[in-house]
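In our numbering, the protein residues as written are 17 to 231. To start, the structure itself, in structure tokens.
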């Protein structure tokens with residue numbers, strides 16, 4: 017299911033949401049420009065649980081680099097479609113949550129969800145040497161907050177069935193609940209199979225977003 021728009025009208029310009037989208041795009045362009053240095057670039061800025069739990073990896077990074085990767089990983093993406101998907105979901109749900117929280121609080125909220133989603137992934141993959149990148153955990157936090165604030169909103173959704181596009185409006189609670197259930201089931205089923213997707217970061221980010229918004 018692909019969300020196309022919701023029925024809630026923003027009261028204010030989503031300055032921070034737009035800024036986050038632009039920053040993610042800018043970082044992706046910088047990432048593409050690394051060419052032969054891309055492995056060194058990613059080595060520094062991606063999130064790898066083993067960097068913190070395995071002494072032989074930890075010694076390769078400064079304290080500053082260790083702290084920076086907890087933030088920088090959420091602005092890196094594995095490809096144009098990875099970036100586009102995350103930014104589209106952020107665009108659909110972020111402006112309304114920004115409306116509810118205010119610009120500055122929303123920025124800190126977004127970053128906190130991203131950091132804590134990374135930590136939730138690390139907690140369940142302590143010795144993993146597989147890198148984690150992407151805004152998915154932070155965006156999941158925004159979606160969790162949206163569920164708490166606007167459960168009765170309607171989401172116009174594209175549902176492709178046998179290559180035929182169907183457009184239906186579904187309650188936000190249904191759309192977001194289905195999305196979370198899919199992430200959770202995928203995390204349980206594929207946790208140890210190395211799919212390359214940080215399912216637990218999605219789950220953790222969503223739960224963190226709900227909890228922080230209620231606070």
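Beta carbons: idealized from backbone N, C-alpha and C, even for Gly. Since the model is a prediction, treat every value here as computed from it, not as a measurement.
According to DSSP, which residues form a beta bridge with residue i?
i, result
"residue 21", "172"
"residue 184", "173"
"residue 58", "Residue 58 pairs with nothing; no bridge assigned."
"residue 63", "148"
For residue i, which residues of its own chain have a beta-carbon under 7 Å away from its beta-carbon, when the five flanking residues on both sides are left out?
i, result
"residue 66", "73, 143, 144, 145"
"residue 191", "17, 19, 171, 173"
"residue 88", "61"
"residue 184", "173, 175"
"residue 43", "91, 92"
"residue 98", "150"
Ignore the nearest five residues each way along the sequence and tell me which others in residue i's own chain have a CB closer than 6 Å to its CB.
i, result
"residue 17", "173, 175"
"residue 160", "222, 225, 226"
"residue 48", "none"
"residue 50", "57"
"residue 202", "215"
"residue 21", "172"
Using 8 Å as the threshold, is the C-beta distance between residue i and residue j below it?
i, j, result
"residue 168", "residue 186", "no"
"residue 133", "residue 154", "yes"
"residue 162", "residue 36", "no"
"residue 137", "residue 227", "no"
"residue 114", "residue 124", "no"
"residue 106", "residue 158", "yes"
"residue 164", "residue 120", "no"
"residue 30", "residue 110", "yes"
"residue 63", "residue 86", "yes"
"residue 112", "residue 54", "no"
"residue 68", "residue 82", "yes"
"residue 219", "residue 200", "yes"
What is the residue span of the beta strand (DSSP E) that residue i lies within?
i, result
"residue 166", "That residue, residue 166, is in no beta strand (DSSP E); it is neither H nor E in DSSP."
Could you pull the start and end residues of the alpha helix (DSSP H) that residue i belongs to?
i, result
"residue 73", "71-74"
"residue 41", "31-48"
"residue 221", "215-230"
"residue 83", "79-88"
What do you reckon, is the C-beta of residue i under 7 Å from a heavy atom of the ligand HEM?
i, result
"residue 159", "Ligands in the displayed structure: none, and consequently the ligand HEM is not present."
Leaving out five residues on either side along the sequence, give the residues of the same chain with a beta carbon under 8 Å from the beta carbon of residue i.
i, result
"residue 102", "40, 93, 150, 151, 152, 155"
"residue 206", "213, 215"
"residue 231", "none"
"residue 128", "157, 224, 228"
Could you tell me which whole alpha helix (DSSP H) segments of length 4 or greater appear in the region 103-159? The qualifying runs are 119-140.
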